[in-house]
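Note that our numbering gives residue 168 to position 168 of the sequence shown, counting from 1, and the numbers run on in steps of one. Data first, discussion second: the structure below is written as structure tokens.
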Amino acid sequence: MIKACIFDLDGTLADTLESMATVANELMDEMGLKRQPVDHFRYYCGEGADMLVRRCLKDAGDPQLEYYEEVRKKYRERFNADPLYKVKIYQGIPELLKRLKKQGTALAVCSNKPHDAAVKVVAELFDDTFDFVIGQSEEIRRKPAPDGPLKAAEVFGVKPEECLYIGDTGTDMETGNAAGMHTVGVLWGFRDRQELQESGAGIIIQTPEELLKIYEEYNND
């Protein structure tokens, strides 16, 4: 049986693409570097804020990362000050979460956002829907390390094989597989089917409604 669903945040529960791009490009302007197209941030993100900054700086004209420490610090400060800037919940997600909750499923978020920012975003967007939220910290290695989802399973008192791990990137699929969980790749986020398949997605879905069907299929076998 599936007893818990563990979700990635950016690109899975909420569309944060414009949010990341706006803050990063403001900093590129301040450093006298080249602004990057919003669509590029689909590939800059997925492995934490620090990696996003590195990738953006290299494309913006700073291949030696001379501005890295300054931009990294300011990027985190601005996100911590307003982590909900231009963030939108994906259509169908609130209804999905409500139905999973009604069936008694434990719900968690595992994000590569800094922990405090992840907690704040989830609380503001979803109130008390989620039972557990974990972001990146000194104690929890960033994905694809399985630390976050395994911690959620421990908190819930369930086995990894009793969990669905849901995300939109290859990093997420690697994370879920490393944790020994059933992986579900979503196509409404930042990456494509090929990446999800090549990264070991167990199942790939196009809409949030499909996740409920998968959940029910696992629990009716």
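For each residue, glycine too, the CB sits at the ideal point set by N, CA and C.
Task: residue 194, DSSP secondary structure in three states - done: Taking the first residue of the sequence shown as position 1, residue 194 is located at position 194. Here residue 194 sits in helix by DSSP.
| said: DSSP has residue 104 in a bridge; who is on the other side? | reply: Reading the sequence shown from its first residue, position 104 is the one you call residue 104. In DSSP, residue 104 forms no bridge with anything.
Indicate the three-state DSSP secondary structure (helix, strand or coil) for residue 164 in the structure shown. As a first step, residue 164 must be located in the sequence shown, where it is residue number 164. In this structure, residue 164 counts as strand in the three-state DSSP scheme.
Roughly how many angstroms separate the alpha carbons of residue 184 and residue 84, rounded to a whole number?
Residue mapping note: residue 184 aligns to position 184 of the sequence shown, counting from 1. Residue mapping note: residue 84 aligns to position 84 of the sequence shown, counting from 1. Distance between the alpha carbons of residue 184 and residue 84: 26 Å.
ask   = If you check the beta carbons only, do residue 111 and residue 9 fall under 7 Å apart?
value = As a first step, residue 111 is located in the sequence shown; it is residue number 111 there, counting from the start. As a first step, residue 9 is located in the sequence shown; it is residue number 9 there, counting from the start. A contact, by the Cβ cut-off of 7 Å.
| task | Excluding the 5 residues preceding and the 5 following residue 70 in the sequence, name in chain order all residues of the same chain whose CB lies nearer than 7 Å to its CB. | result | By one-based count along the sequence shown, residue 70 stands at place 70. Result list for residue 70: empty, nothing under 7 Å.
- Message: Taking the beta carbon of residue 81 as the centre, do at least 16 other beta carbons fall within 10 Å, making it buried, or is it exposed?
- Response: By one-based count along the sequence shown, residue 81 stands at place 81. Exposed, because fewer than 16 other Cβ atoms sit within 10 Å of the Cβ of residue 81.
(Q) Measuring CB atoms only, is the segment 164–184 touching the segment 137–152, in the sense that at least three cross pairs come out at less than 8 Å? (A) yes
Let's see if you can read the secondary structure: which residues bound the beta strand (DSSP E) around residue 214? Stepping through the sequence shown from its first residue, residue 214 is reached at position 214. Not the beta strand (DSSP E): residue 214 falls in the alpha helix (DSSP H), residues 208–220.
Closest by C-alpha distance to residue 186, when choosing among 200, 122, 128:
Indexing the sequence shown from 1 puts residue 186 at position 186. Here the closest residue by C-alpha is 200.
| Nearest to residue 123 by CA position, among 89, 165, 180, is which residue? | Here residue 123 refers to the residue found at position 123 when the sequence shown is read from its first residue. The shortest C-alpha separation from residue 123 is found at 89.
### Proximal residues to residue 208 (C-beta, below 6 Å), its chain only, five neighbours per side dropped
Position 208 of the sequence shown, counted from the first residue, corresponds to residue 208. Counting only Cβ-Cβ distances below 6 Å, and skipping sequence neighbours, we find 92, 93, 96.
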